[in-house]
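The UniProt record's numbering applies: residue 1 is where the sequence shown begins, and numbers increase by one. Reviewing the structure listed below.
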Amino acid sequence: MLPASGFSRALREAAPGLSRRFFECSGRRHASQVSIAKEKSILNGQARKPSTSPTKPTGYLSSTKLCSPSSYYTRSPFPAPYFRAFTQSTRARRTTSPEVGDRANAEHQDSGKHGDETGSRKSFFPDASSNTVGYWLLGSAASVFGIVVFGGLTRLTESGLSITEWKPVTGSLPPMSEADWESEFAKYRSSPEFKMLNSRMTLDEFKSIYWMEWIHRIWGRFVGLSFVLPAAFFIARRQVSRSMAARLLGIAGLIGFQGFIGWWMVKSGLKDDLFAPGSHPRVSQYRLTAHLGAAFICYLAMFWNGLDILRTNKILRATPDTANTTLHALKNPALRPFKRYVAFLAGLVFITAMSGGLVAGLDAGLIYNEFPYMGLGLTPPKTELWDKFYSREADNSDLWWRNMLENPSLVQLDHRILATTTFTAVMALWTFARSGAMQKALPRAAQRGVHGVVGFVFLQVTLGITTLLYLVPTGLASAHQAGSLALLTWTIVLGSRVWFPTQAARILAQRTATATQANLGSSKFTPNATEMLKARSNGLMPGKPVALAAAGIMPLGTAIGLILSNEAEGSLREQLSRGGSQDSSRSRDEQVRLK
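Have a look at this one:
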């Protein structure tokens with residue numbers, strides 16, 4: 001080992017700018033340095049007592065220990081508390097950012113099943129409903145579509161009044177014996193329809209119309225049970241959002257109300273006092289239209305919410321770039337006129353379908369079976385359109401609205417005008433969608449949706465005219481009713497393709513804010529962030545650009561220091577070895593001279 005005096009002398013000669021504490025950690029810090037470090041640590045409220053004991057070395061430089069962090073902070077040009085906060089925040093972000101990313105990915109993938117995990121912890125309901133709920137709603141909507149078409153067949157075959165009682169529970173079973181059939185047929189023989197129209201009907205003929213009405217009622221019960229029970233299950237299993245749970249409850253109530261309207265409609269055809277003298281026994285056209293309208297609304301509610309769930313989850317599962325591009329395109333101000341036009345068109349199609357319900361309730365399709373004329377002109381005579389026969393007030397104050405709703409000639413004319421207006425509106429929408437500015441702003445899926453609406457409106461107009469010309473055959477009339485709902489369905493599909501998904505945008509904004517906070521480091525990873533901000537505003541701490549520069553300069557400076565210290569150590573060893581050999585040779589020469 002080299003003598004201490006020779007090592008010290010060589011150290012001062014070779015590296016006069018380096019202190020002994022650069023290689024060792026046993027030296028005490030100067031009192032002024034201790035006081036400065038203590039004052040700076042008070043900024044964070046974490047003043048600590050300076051330690052005089054040697055710290056555990058973090059590494060080795062050949063056989064010499066590196067400096068402790070405390071000595072490095074003392075000599076660093078940056079404040080010690082800020083460097084500690086920066087190091088802790090970086091370490092926390094480094095250890096927690098993968099977990100945050102995994103959690104975000106898990107939420108991104110499971111949003112269709114269980115919604116957002118953060119939202120489920122904060123609330124009973126997740127942020128987004130499951131895709132299973134969306135497909136179930138579409139299946140329920142398809143069931144409602146089927147019962148609407150089958151209900152039209154029940155009306156066209158005049159089977160709706162064959163069951164004269166309303167028994168929601170016991171009425172689910174059909175007649176099981178011949179005696180039961182005779183009992184049901186006896187009840188029907190007491191109805192006005194049998195007395196005025198079907199007085200020669202046999203038991204076998206009665207069975208055919210009875211099965212039509214019975215299937216229609218059983219189908220309605222199936223729609224209710226297949227909706228209420230799964231809805232309760234999905235809500236209990238937390239697979240729907242809070243808003244969707246409220247919507248499901250509303251749809252369930254609407255289904256129950258629809259059953260009540262159905263019986264209320266049938267009841268109107270079983271009483272003699274509801275008919276005008278000499279009129280045909282039928283259900284009230286008002287109640288029939290209300291029953292049809294409630295079915296349409298129930299169908300639209302199921303269909304729209306099903307599409308909304310699937311579309312929301314599709315956006316949430318897409319990549320951030322794709323999701324942002326989709327939301328940006330749908331938020332384009334150029335699409336606002338198109339969205340308003342689609343909403344107006346959906347309302348127009350619905351009103352036209354309801355006017356068709358009035359036509360069906362009054363059997364108005366059996367008159368003026370020609371198109372486009374109605375008799376000798378495009379419209380019937382004015383005296384026929386505004387007939388005082390339908391007015392029930394002495395001053396004829398109800399003449400105009402009773403003719404519009406009860407006069408078959410005017411009701412058919414109204415339906416023709418509304419149907420023509422709907423056709424014209426669809427073609428105007430097609431022209432508007434093909435304009436230069438709208439064609440650039442409209443998504444490709446929406447452009448295909450416009451073509452679908454055009455195709456369905458041509459089909460519906462063809463079915464309507466054919467049904468009128470052939471005196472309302474059962475098959476064509478049923479297809480015409482189904483076509484109205486199909487046209488409305490495709491209009492809703494078009495609207496869903498251009499509507500802005502508010503729920504998806506809100507969830508994405510929440511996720512972005514959470515990810516940004518996790519990546520940048522929240523306040524719990526940075527000790528006393530308020531004091532650091534105060535110190536920065538007072539000029540005691542560098543700002544964000546300086547902090548970023550420090551983050552890049554400090555590791556670089558440490559690496560350069562290590563390289564220089566290695567070179568210094570090598571030069572020191574060479575000088576010390578040369579100095580030791582010279583001393584030994586000089587001592588031998590002196591001994592030789594003395595001898």
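All C-beta atoms in this analysis are idealised placements derived from N, C-alpha and C, irrespective of residue type, glycine included. What you are looking at is a predicted structure, and each value in this text was computed from that prediction instead of being measured.
Check	Outcome
Any contact between the stretch 302–320 and the stretch 395–410? By contact I mean 3 or more CB pairs, one from each, below 8 Å.	no
Excluding five sequence neighbours on each side, which residues of the same chain lie with their C-beta closer than 7 Å to the C-beta of PHE124?	ARG238
Secondary structure at MET374, three-state DSSP: helix, strand or coil?	strand
Are three or more beta carbon pairs between the stretch 422–437 and the stretch 376–393 nearer than 8 Å?	no
Looking only at its chain, what residues have a beta carbon closer than 6 Å to the beta carbon of LEU138, apart from the 5 residues adjacent to it on each side?	GLY306
Go ahead and pull the three-state DSSP assignment for THR474.	helix
Tell me where the alpha helix (DSSP H) around TYR368 begins and ends.	Note, TYR368: premise wrong, no alpha helix (DSSP H); not H, not E.
Looking at the secondary structure, which residues open and close the alpha helix (DSSP H) in which GLU393 lies?	First-last for GLU393: undefined, no H or E at that position.
Could you give the DSSP three-state label for LYS339: helix, strand or coil?	helix
Am I right that GLY356 and HIS291 are in contact with their C-beta atoms under 8 Å? What's the rounded C-beta distance?	Their Cβ separation, rounded to whole angstroms, is 13 Å, which puts GLY356 and HIS291 out of contact at 8 Å.
Let me make sure I understand the geometry here. Which of PRO168, ARG189, TRP181 has the alpha-carbon closest to that of GLY259?	PRO168
For ALA425, which residues of its own chain have a beta-carbon under 7 Å away from its beta-carbon, when the five flanking residues on both sides are left out?	LEU345, LEU348
For GLN239, which of helix, strand or coil comes out of DSSP?	coil
Mind reading off the beta-carbon distance from ALA329 to PRO443? Whole number of angstroms is fine, and I expect it under 8 Å.	6 Å
Report the three-state DSSP secondary structure of GLU158 (helix, strand or coil).	coil
Of the residues ALA505, PHE150, ASP363, GLY495, which one's Cα is nearest the Cα of LYS314?	ALA505
Buried or exposed for SER243, please, with buried defined as at least 16 other CB atoms from any protein chain shown within 10 angstroms of its CB.	exposed
Write down the C-beta distance between VAL411 and GLY449 rounded to the nearest angstrom, noting that I regard them as a contact closer than 8 Å.	So it is not a contact: roughly 32 Å between Cβ atoms.
Between the beta-carbon of SER130 and the beta-carbon of PHE234, is there less than 9 Å?	yes
Among THR164, THR312, SER241, LEU153, which has the Cα closest to the Cα of PRO126?	SER241
Once DSSP output is grouped into helix, strand and coil, what is the label at GLY269?	coil
Check MET176 in the structure and name its three-state DSSP category.	coil
From ALA323 to SER391, what distance separates their C-alpha atoms?	59 Å
If you drop the 5 nearest sequence neighbours on each side, which residues of the same chain put their C-beta closer than 7 Å to that of GLU213?	THR154, SER159, GLY160, SER162, ILE163
Quick check on the burial criterion: 16 or more other C-beta atoms within 10 angstroms. Buried or exposed for MET374?	buried
So, helix, strand or coil for ASP204, using DSSP?	helix
Whether or not the stretch 217–232 and the stretch 176–194 are in contact is what I'm after, with contact meaning three or more pairs of Cβ atoms, one per stretch, closer than 8 Å; do they touch?	no
Alpha carbon to alpha carbon, how far is LEU508 from LYS331?	15 Å
Kindly indicate which three-state DSSP category SER435 falls into: helix, strand or coil?	coil
Using beta-carbon positions only, say whether VAL283 and TRP166 come within less than 9 Å of one another.	no
In angstroms, rounded to a whole number, what distance separates the CA positions of ARG217 and VAL149?	13 Å
Hey, quick one: how far does the alpha helix (DSSP H) through PRO192 stretch, first residue to last?	192–196
Helix or strand or just coil, what does DSSP make of LEU442?	coil
Helix, strand or coil for LYS167, going by three-state DSSP, please let me know.	coil
The alpha helix (DSSP H) spanning THR383 covers which residue range?	382–385
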